[in-house]
Amino acid sequence: MLYLSVFVLIPVAAVVSKAFSTGLGDFWTSVTNSISLTALENTLVISLIVALIGSLMGTIVAWVLVRDEFAGKRVLTSIIDLPFALPTIVASLALLGLYGTGSPVGVDLALTKTIIGVALLFVTLPFVVRSVQPVLLELDTEVEEAAASLGAANSVTFRRVVLPALRPAIVSGTALSFARCMGEYGSIVLLATKVPIASLIIYNDVESGTTQSAAGLSVGLLVITLAILFGLRGWESIRAR
Amino acid sequence: MLVRPFWRYSLRTVALAYLAVILVAPVVFIFIKTFEHGLATAWSYVTTPAAISAFWLSVLIAAIAVPLNTIFGVGTAIVLIRTKARGRRLLDALIDIPFVVSPVIVGLALVLVYGINGWFGSWFADHGIQIIFAPAGMIIATVFVSLPFCVREVAPVLMEVGTEQEQAATTLGASSWQTFWRITLPSIRQGVAYGVVLTTARSLGEIGAVAVVSSNVLGSTVSLPLLVKYRTTTPGPGGISAAYATGTELAVMSLIVLLAMTLLAPQRKEAR
């Protein structure tokens, strides 16, 4: 508990206290000025879209890795973890070169929101796959076979049998991805030079010495992230009943 | 669920195409870019004094952050799973803070606490200890962001192993210290190892939190990820090509970590 306090709790408390250090008005200004609002909106919209695409694609990838058989599946299974291992700045650099200006594959996504989304899909890829995969492995195919033998179409079996079993795993993986997207810095630092993103604005504010507005925006970002995570958890526990 | 061949191949194609675009292509691209001017050029970029100092700084950060978080991780997991201490649920929730807080906010927080004008900054300054804009700050930042990994890997394993063997050991007269070293630790070994690997990967690759507390002076507080960022903004021969070389250096280090992960993964399944 002491260790946690020294390294985590005291610093977080410092940010909150700094945000309100010059009064509620300054805090409000630091969150609602036009740059902060644009940054928060961009961050939130991109994170939500990435979390949605990521949960869909992650589930498909997990399905293919568990239920399909093909050559090279083992290699594929092990490279899923690559984004956990690969430093995010390297991902940023690679995507900038590959899909940015002067791209060898002929797409110029430099300075767009799309390339930020791609970077976030890269870093959050393992979250959903790694959370769905074990559940899918344990899932008993007998129930599915029973449903099919009772005349259920594949779409019905998937919706009524498979999806309910996978949903908690998909939701928790998506929640982790979303939280990661909201705060991500490393993988997008080279890509988001023209699109205001909350974490980069905070970084610039700290570098230029305006720590109060940085702290204000930090608190704003944290509150939004936590609100959505709690909302998601609440929705999931209602569905689970 | 019997998926018709058409759907099976469609799903497989979609999954493989997605992974190719998002995952494989960027990684291959980095390697190609690094070696397009030959091995010697790439080698010269990773052996400049700045690059060597960055390499050792990254190693130093990992060498301190990883053991600290491993000891803390195992200890906390035991408290969470094996004891009924009060505040256990609160602790459980607090552990995940670093997963939710942006690394940049972590950096800012450390500046506010340990910086010159920070809460404890003046005390440290009076005693001649510099934390912010020094390696110490970068180490603290890394400890923060990589803190939950070990706990989260060890806790489920500890839960699964159960307490029977530990109880047997205690009944036979083993002290709690003996029980820990002889029974508990060997049975959670795989979880610990996997946690260490994840912590190491994160420590080597962290940039957001350390960028804020680094002075960005080459040769002193620039770790490898920061060097990549620095070089991408530098024009000329020490610029983008050198950044690719450093990127590959980091990628190779992380591939070694990934290899360790893969080697540990099948054993984890057997352990279950």
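Sequence order for the protein chains is A and B. Just so we're aligned, residue 1 is where the first sequence starts under the working numbering, counting upward by one. Just so we're aligned, residue 1001 is where the second sequence starts under the working numbering, counting upward by one. We put the beta carbon where it would ideally sit given N, CA and C, even for glycine.
Original post:
Between the stretch 1222-1232 of chain B and the stretch 1164-1183 of chain B, are three or more C-beta pairs nearer than 8 Å?
Top reply: no
Original post:
Should the stretch 58-74 of chain A be regarded as contacting the stretch 128-142 of chain A, the criterion being three or more beta carbon pairs within less than 8 Å?
Top reply: yes
**OP:** For the stretch 1140-1169 of chain B, enumerate the residues whose C-beta is nearer than 9 Å to any C-beta of chain A, in chain order.
**Re:** Ile1140, Val1143, Phe1144, Leu1147
Original post:
Is the Cβ-Cβ distance between Ala14/A and Leu1112/B less than 8 Å?
Top reply: By one-based count along the first sequence, residue 14/A stands at place 14. By one-based count along the second sequence, residue 1112/B stands at place 112. Going by C-beta atoms, Ala14/A is nearer than 8 Å to Leu1112/B.
Original post:
Looking at the structure shown, is Arg1202/B part of a helix, part of a strand, or coil, going by DSSP?
Top reply: The residue given as residue 1202/B occupies position 202 in the second sequence. Correct three-state label for Arg1202/B: helix.
Subject >> C-beta neighbour in chain B for Ser213/A, strict 8 Å >> reply: For the purposes of this step, residue 213/A is identified with residue 213 of the first sequence, where counting begins at 1. False, the Cβ-Cβ gap to chain B never drops below 8 Å.
Subject >> Where the stretch 1064-1083 of chain B meets chain A: residues whose CB sits under 7 Å from a CB there >> reply: Phe1072
**OP:** Give the interface partners of Trp1119/B over in chain A, defined as CB-CB distance under 7 Å, in chain order.
**Re:** For the purposes of this step, residue 1119/B is taken as residue 119 along the second sequence, with counting starting at 1. Chain A residues near Trp1119/B: Ala14.
**OP:** For Phe1180/B, verify whether its CB is less than 7 Å away from any heavy atom of the ligand MG.
**Re:** Looking for the ligand MG in the displayed structure turns up nothing, as the structure carries no ligands at all.
**OP:** Quick one: grab the DSSP three-state call for Pro1103/B.
**Re:** Walking along the second sequence from the start, residue 1103/B turns up at place 103. Residue state, collapsed to three classes: helix.
**OP:** Rank Ile1061/B, Leu1258/B, Val1252/B by C-alpha distance to the C-alpha of Thr1034/B and give the top, closest one.
**Re:** The residue labelled residue 1034/B in the question sits at position 34 within the second sequence. With distances taken between Cα atoms, Thr1034/B lies closest to Val1252/B.
Subject >> Opening and closing residue of the alpha helix (DSSP H) in which Ser149/A lies >> reply: Walking along the first sequence from the start, residue 149/A turns up at place 149. Run containing Ser149/A: 141-149, per the alpha helix (DSSP H) assignment.
Original post:
Pro1225/B versus chain A: which residues are under 9 Å apart at the beta carbon?
Top reply: As a first step, residue 1225/B is located in the second sequence; it is residue number 225 there, counting from the start. Simply Pro87, Thr88, Ile89, Val90, Gly186.
**OP:** Check the C-beta distance from Ile1105/B over to Ser218/A and give it rounded, since I have them as a contact under 8 Å.
**Re:** One-based indexing of the second sequence puts residue 1105/B at position 105. One-based indexing of the first sequence puts residue 218/A at position 218. With a Cβ gap of about 4 Å, Ile1105/B and Ser218/A count as contacting.
**OP:** Identify which residue in Asp1096/B, Ala1141/B, Ser1220/B, His1037/B has its Cα closest to the Cα of Tyr1114/B.
**Re:** Counting from one through the second sequence, the residue named residue 1114/B turns up at place 114. With distances taken between Cα atoms, Tyr1114/B lies closest to Ala1141/B.
Original post:
Rounded to the nearest angstrom, how far is the Cβ of Arg1088/B from that of Val1079/B, given a contact under 8 Å?
Top reply: Residue mapping note: residue 1088/B aligns to position 88 of the second sequence, counting from 1. Residue mapping note: residue 1079/B aligns to position 79 of the second sequence, counting from 1. Indeed they touch by this definition, with Cβ atoms about 7 Å apart.
**OP:** Helix, strand or coil for Lys1229/B, going by three-state DSSP, please let me know.
**Re:** Here residue 1229/B refers to the residue found at position 229 when the second sequence is read from its first residue. Lys1229/B falls in the helix class under three-state DSSP.
**OP:** Taking a Cβ distance cut-off of 8 Å, strictly less, list which residues of the stretch 166-193 of chain A are near chain E, in chain order.
**Re:** Absent from the structure: chain E. Protein chains present are A and B.
**OP:** Starting from Arg1008/B, find everything on chain A with Cβ-Cβ shorter than 9 Å and list it in chain order.
**Re:** To locate residue 1008/B, count along the second sequence from 1; it is residue 8. In chain order: Val64, Arg67, Asp68.
Original post:
Beta-carbon separation of Val206/A and Val1028/B under 8 Å?
Top reply: For the purposes of this step, residue 206/A is identified with residue 206 of the first sequence, where counting begins at 1. For the purposes of this step, residue 1028/B is identified with residue 28 of the second sequence, where counting begins at 1. The answer is no: Cβ separation not under 8 Å.
**OP:** Return the residues of the stretch 1083-1109 of chain B that lie within a Cβ-Cβ distance of less than 8 Å from chain A, sorted by chain order.
**Re:** Gly1087, Leu1091, Leu1094, Ile1095, Ile1097, Pro1098, Phe1099, Val1100, Val1101, Ser1102, Pro1103, Val1104, Ile1105, Val1106, Gly1107, Leu1108, Ala1109
Original post:
In the structure shown, what three-state DSSP assignment does Glu1270/B receive?
Top reply: Taking the second sequence and counting its residues from 1, the one referred to as residue 1270/B is at position 270. A caution first: Glu1270/B carries a pLDDT of 42, below 50, which makes its placement in the model unreliable, though a value can still be read off. Of the three classes helix, strand and coil, the one that applies to Glu1270/B here is helix, per DSSP.
Original post:
For Thr1083/B, is the classification buried or exposed, using 16 other Cβ atoms within 10 angstroms of its Cβ as the cut-off for buried?
Top reply: Sequence index remark: in the second sequence, residue 1083/B carries index 83 (1-based). Classification for Thr1083/B: exposed.
Subject >> Sequence-distant residues of its chain with Cβ nearer than 8 Å to Arg233/A (five each side left out) >> reply: In the first sequence, the residue the question calls residue 233/A occupies position 233. So the list reads Ala175, once near-sequence residues are dropped.
Subject >> Ile80/A vs Gly100/A beta-carbon contact at 8 Å >> reply: The residue labelled residue 80/A in the question sits at position 80 within the first sequence. The residue labelled residue 100/A in the question sits at position 100 within the first sequence. Going by C-beta atoms, Ile80/A is not nearer than 8 Å to Gly100/A.
Original post:
Hey, Thr59/A and Val143/A: beta-carbon distance below 8 Å or not?
Top reply: Mapped onto the first sequence, residue 59/A falls at position 59. Mapped onto the first sequence, residue 143/A falls at position 143. No, Cβ-Cβ distance for Thr59/A and Val143/A is not below 8 Å.
**OP:** Return no unless some Cβ of chain B is closer than 8 Å to the Cβ of Ser78/A.
**Re:** Counting from 1 along the first sequence, the entry for residue 78/A is found at position 78. Ser78/A counts as touching chain B.
**OP:** Using beta-carbon positions only, say whether Leu40/A and Ile224/A come within less than 8 Å of one another.
**Re:** As a position in the first sequence, residue 40/A is number 40, starting the count at 1. As a position in the first sequence, residue 224/A is number 224, starting the count at 1. Cβ atoms of Leu40/A and Ile224/A: closer than 8 Å.
Original post:
What span of residues does the alpha helix (DSSP H) with Asn42/A cover, start to end?
Top reply: Indexing the first sequence from 1 puts residue 42/A at position 42. Unbroken alpha helix (DSSP H) run through Asn42/A: 34-67.
**OP:** Please classify Gln1130/B: does DSSP put it in a helix, a strand, or coil?
**Re:** Sequence index remark: in the second sequence, residue 1130/B carries index 130 (1-based). It is coil, neither helix nor strand.
**OP:** Under 9 Å between beta-carbons, which chain B residues line up against Phe122/A? List them in chain order, please.
**Re:** Numbered from 1 along the first sequence, position 122 holds the residue referred to as residue 122/A. Going along chain B in sequence order, the residues near Phe122/A (Cβ under 9 Å) are Ile1022, Leu1023, Pro1026.
Subject >> Sequence-distant residues of the same chain with beta carbon closer than 8 Å to Lys1269/B, five excluded per side >> reply: As a first step, residue 1269/B must be located in the second sequence, where it is residue number 269. Reliability fails at Lys1269/B, whose pLDDT of 47 lies under 50, so the model's placement of it is uncertain and no value is given.
**OP:** For Thr1041/B, go through chain A and note every residue whose CB falls closer than 7 Å to its CB, in chain order.
**Re:** To locate residue 1041/B, count along the second sequence from 1; it is residue 41. Near Thr1041/B there are no residues of chain A at all, since even the closest Cβ is about 17 Å away, more than 7 Å.
Original post:
Which residues bound the alpha helix (DSSP H) around Glu1036/B?
Top reply: On the second sequence, position 36 is the one that residue 1036/B refers to. Neither: Glu1036/B is in no alpha helix (DSSP H) and is coded neither H nor E.
Original post:
Can you find a CB in chain A that lies within less than 8 Å of the CB of Ser1214/B?
Top reply: For the purposes of this step, residue 1214/B is taken as residue 214 along the second sequence, with counting starting at 1. No, Ser1214/B does not count as interfacial toward chain A.
Original post:
With a Cβ-Cβ cutoff of 8 Å, do Tyr3/A and Ser1102/B count as a contact?
Top reply: Position 3 of the first sequence, counted from the first residue, corresponds to residue 3/A. Position 102 of the second sequence, counted from the first residue, corresponds to residue 1102/B. No; because the gap between Cβ atoms is not below 8 Å, this pair is not in contact.
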